[in-house]
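Take a look at the structure:
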């Protein structure tokens, strides 16, 4: 071997020791781990189809929890290490806890994720008729590019609460025998004004009307006969009248199931990856946890996409109240528990997209197939509206992941002045806990079809499990 080659070899060794590892992703994992990732994601795809809205995600989680030995939490009972309990918050958020050997005396380990996704909510008075067409008026929920939603097949999901106390669950448009719905668009031949408008103004919220019918009830020359026909169909199937829309949570989401994406089937294309792609691993890791040292709590919460306000969002006290109940059983006060608590805020980040490379800063971006991404801070501009994890906590998380050979990477949410966004991490940090974001890189985030890597989903599960069990 020449001296030059020896020197290069020495340089390569020194680089390996001193430089940050290159994001080589799946080149670092075995074939067995790739197979495990593919297997893990089969049920995840099923979850995506069954849990398109938060109510459905809560129902799925509770059913899975009961099968895994969880029981509904009773604050009057005494629990021991290994006991498994859940709390249902209004069918829109759920918490699962596995009691640890040390209880809450040295803090708890939190894994939090949100189960709501951008969508088109029906207005309180949604159904109307115009020019012999029946349509639903909607109010979009969360950050969407409105131009992406017209002409996409939609399904109706949600619940209608009746005055007699019963609640009717509604899903129309998912079965192959079901009808679907759509927001219409203008044909190119007549769209010169639309196509030359600023993108934000080409579609506005009042244009997001969903087409739901076109046939009149009968041959009577009554006005609104098409609307009457739709209401009659809804009454015959669900027993609801127009007034019942006032006590309904109904929403339009993209119809159809999650699909393998790519010739190599390495990715999943689906609606709702943000943030169910992190909620599912957080749930599965909690179900798999067996008698941890510290009590672990998986929180699947609501309303993150619109600021986390309300009694089912992370600005609510419901999580702190639950921890307080657990703390009281150990003779602890909430503030002392939270000061020792650590949390992984399981949320997605924007994967580097070579088609739109100018929106990213390559050295500080995350990449598909490179594992779970740790996001030290989010926010916008000068780190506004964010929680910035401390150096000490980052070091602890790194050690947990490296000791378990979890594939992970770091990433920022785009360029510094390119926009930005926030997560629910800051609301846990405001309770005086250590927290950092960890989740899955996503392409086409907030679109009707988002894209993730199967390997990244699995590594996020592994990261959460190892964090719970450390």
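Residue numbers (the numbering used here): 163 to 632. Ideal Cβ placement from N, Cα and C applies to all residues, glycine included.
inquiry  = Please report the distance separating the alpha-carbon of residue 659 from that of residue 181.
reply    = Because the chain is modelled from 163 through 632, residue 659 falls outside the range shown and cannot be assessed.
key: Residue range of the unbroken alpha helix (DSSP H) whose run includes residue 391   = Within the chain shown, residue 391 is the residue found at index 229, counting from 1. Note, residue 391: alpha helix (DSSP H), 387-400.
query = Ordered along the chain, which non-local residues of its own chain (more than five positions away) have a Cβ less than 7 Å from that of residue 221?
reply = Along the chain shown, one-based indexing puts residue 221 at 59. Within the same chain, residue 221 has no close Cβ partners at all.
ask   = Which residues does DSSP pair with residue 597 in a beta bridge?
value = For this step, residue 597 is matched to residue 435 along the chain shown. In DSSP, residue 597 forms a bridge with 505.
key: Buried versus exposed call for residue 309 [16 or more other C-beta atoms within 10 Å across all chains shown]   = Here residue 309 is taken as the residue at index 147 of the chain shown, counted from 1. Its Cβ having fewer than 16 others within 10 Å, residue 309 is exposed.
request  = Closer than 7 Å by C-beta to residue 177: which residues in its own chain qualify, once you throw out the five before and the five after it? Chain order, please.
outcome  = Taking the first residue of the chain shown as 1, we reach residue 177 at position 15. Cβ within range, chain order: n/a, list empty.
ask   = Between the segment 250-265 and the segment 453-466, do at least 3 Cβ pairs fall closer than 8 Å?
value = yes
Distance between residue 507 and residue 276 (C-alpha atoms, nearest Å) = Locating residue 276 in the chain shown gives position 114, counting from the first residue. Locating residue 507 in the chain shown gives position 345, counting from the first residue. In this structure, the straight-line span from the alpha carbon of residue 276 to that of residue 507 is close to 9 Å.
task = Could you tell me which of 504, 539, 586 sits nearest to residue 631, measuring between CA atoms?
result = Residue mapping note: residue 631 aligns to position 469 of the chain shown, counting from 1. Measuring from the Cα of residue 631, the nearest candidate turns out to be 504.
query = Helix, strand or coil for residue 350 per DSSP?
reply = Walking along the chain shown from the start, residue 350 turns up at place 188. Looking at residue 350 - three-state DSSP - the assignment turns out to be helix.
ask   = Out of 481, 210, 603, 394, which has the shortest C-alpha to C-alpha gap to residue 379?
value = Your numbering for residue 379 matches position 217 in the chain shown. Among 481, 210, 603, 394, the Cα nearest to that of residue 379 belongs to 394.
key: Span of the beta strand (DSSP E) around residue 615   = On the chain shown, residue 615 is found 453 positions in, with the first residue counted as 1. Segment 612-615, the beta strand (DSSP E) holding residue 615.
key: Beta-carbon proximity list for residue 521, same chain, < 6 Å, skipping 5 on both sides   = Taking the chain shown and counting its residues from 1, one reaches residue 521 at position 359. Once the five neighbours on either side are set aside, the close Cβ partners of residue 521 are 576, 580.
query = For residue 605 versus residue 513, is the C-beta spacing smaller than 8 Å?
reply = Numbered from its first residue, the chain shown carries residue 605 at position 443. Numbered from its first residue, the chain shown carries residue 513 at position 351. Taking 8 Å as the cut-off, the beta carbon of residue 605 is found closer than this to the beta carbon of residue 513.
ask   = Helix, strand or coil: how does DSSP classify residue 494 here?
value = Here the question's residue 494 lines up with position 332 in the chain shown. Three-state DSSP puts residue 494 in coil, outside helix and strand.
key: CB contact flag (residue 665, residue 614, <8 Å)   = Examination of residue 665 is not possible in this model, given that the chain is present from 163 through 632 alone.
task = Assuming residue 388 contacts residue 295 (C-beta within less than 8 Å), just tell me the rounded distance between them.
result = Translated into the one-based positions of the chain shown, residue 388 becomes position 226. Translated into the one-based positions of the chain shown, residue 295 becomes position 133. Confirmed, Cβ separation roughly 7 Å.
inquiry  = Per the DSSP calculation, residue 467 is bridged to which residue(s)?
reply    = Counting from 1 along the chain shown, the entry for residue 467 is found at position 305. Answer is none; residue 467 lacks a bridge partner.
query = When you compare only the Cα positions, how much space is there between residue 385 and residue 281?
reply = Translated into positions along the chain shown, residue 385 becomes position 223. Translated into positions along the chain shown, residue 281 becomes position 119. If you take the alpha carbons of residue 385 and residue 281, they lie about 31 Å apart.
ask   = Using the beta-carbon count (16 or more within 10 Å), is residue 163 buried or exposed?
value = In the chain shown, counting from the first residue as 1, residue 163 sits at position 1. Note that residue 163 has pLDDT 44, beneath the 50 cutoff, so the model's placement of it is unreliable and the number below is only indicative. Looking at its Cβ environment, which holds fewer than 16 other Cβ atoms inside 10 Å, residue 163 is exposed.
ask   = Secondary structure at residue 443, three-state DSSP: helix, strand or coil?
value = In the chain shown, residue 443 corresponds to position 281, counting from 1. Residue 443: helix per DSSP, three-state reduction.
task = Over the uninterrupted beta strand (DSSP E) stretch that includes residue 331, give me the two end residues.
result = Position 169 of the chain shown, counting from 1, holds the residue named residue 331. It spans 329-334 - the beta strand (DSSP E) in which residue 331 sits, taken as one unbroken run.
request  = Classify residue 413 as helix, strand or coil using the three-state DSSP reduction.
outcome  = One-based indexing of the chain shown puts residue 413 at position 251. Strand.
query = Does the separation of the CB atoms of residue 621 and residue 570 fall below 8 Å?
reply = Translated into the one-based positions of the chain shown, residue 621 becomes position 459. Translated into the one-based positions of the chain shown, residue 570 becomes position 408. Cβ atoms of residue 621 and residue 570: closer than 8 Å.
key: Proximity of residue 610 and residue 416 at Cβ, strictly below 8 Å   = What you label residue 610 is simply residue 448 of the chain shown in a count that begins at 1. What you label residue 416 is simply residue 254 of the chain shown in a count that begins at 1. The answer is yes: Cβ separation under 8 Å.
request  = Count the C-beta pairs between the segment 443-451 and the segment 226-239 that are closer than 8 Å, then say yes if the count reaches three, no if not.
outcome  = yes
inquiry  = Let me confirm a value: residue 166 is counted as buried when at least 16 other C-beta atoms fall within 10 Å, else exposed. Which label applies?
reply    = Within the chain shown, the letter at position 4 stands for residue 166. With a pLDDT of 48 at residue 166, under the threshold of 50, the modelled position of that residue is not reliable, and no figure is offered here.
key: DSSP-derived helix/strand/coil call for residue 287   = Along the chain shown, read from residue 1 onward, the residue named residue 287 stands at position 125. Residue 287: strand per DSSP, three-state reduction.
request  = Specify, as a first and last residue, the run of the beta strand (DSSP E) that residue 247 falls within.
outcome  = Against the chain shown, residue 247 aligns to sequence position 85. Where residue 247 is concerned, the enclosing beta strand (DSSP E) stretches over 246-251.
ask   = For residue 313, which residues does DSSP report across the bridge?
value = Along the chain shown, read from residue 1 onward, the residue named residue 313 stands at position 151. Residue 313 is not bridged to any residue.
ask   = Quick one, which of 544, 562, 603 has its alpha-carbon nearest residue 578's?
value = One-based indexing of the chain shown puts residue 578 at position 416. If we check each option's Cα against that of residue 578, 544 comes out closest.
ask   = For the putative contact between residue 214 and residue 433, defined by C-beta atoms under 8 Å, what is the C-beta separation to the nearest angstrom?
value = Within the chain shown, the letter at position 52 stands for residue 214. Within the chain shown, the letter at position 271 stands for residue 433. The Cβ separation is near 7 Å, so the contact holds.
request  = Would you identify the three-state DSSP class for residue 516, choosing helix, strand or coil?
outcome  = If you number the chain shown from 1, residue 516 lands on position 354. Residue state, collapsed to three classes: helix.
ask   = Quick one: what's got a C-beta closer than 7 Å to residue 278's C-beta in the same chain, skipping five residues either side?
value = In the chain shown, the residue the question calls residue 278 occupies position 116. Within the same chain, residue 278 has close Cβ partners 216, 464, 465, 466, 467.
task = Evaluate residue 444 with the Cβ neighbour count: other Cβ atoms within 10 Å of its Cβ, from every protein chain shown; 16 or more gives buried, anything less gives exposed.
result = On the chain shown, position 282 is the one that residue 444 refers to. Taking every protein chain shown into account, the CB of residue 444 has 16 or more other CB atoms within 10 angstroms, so this residue is buried.
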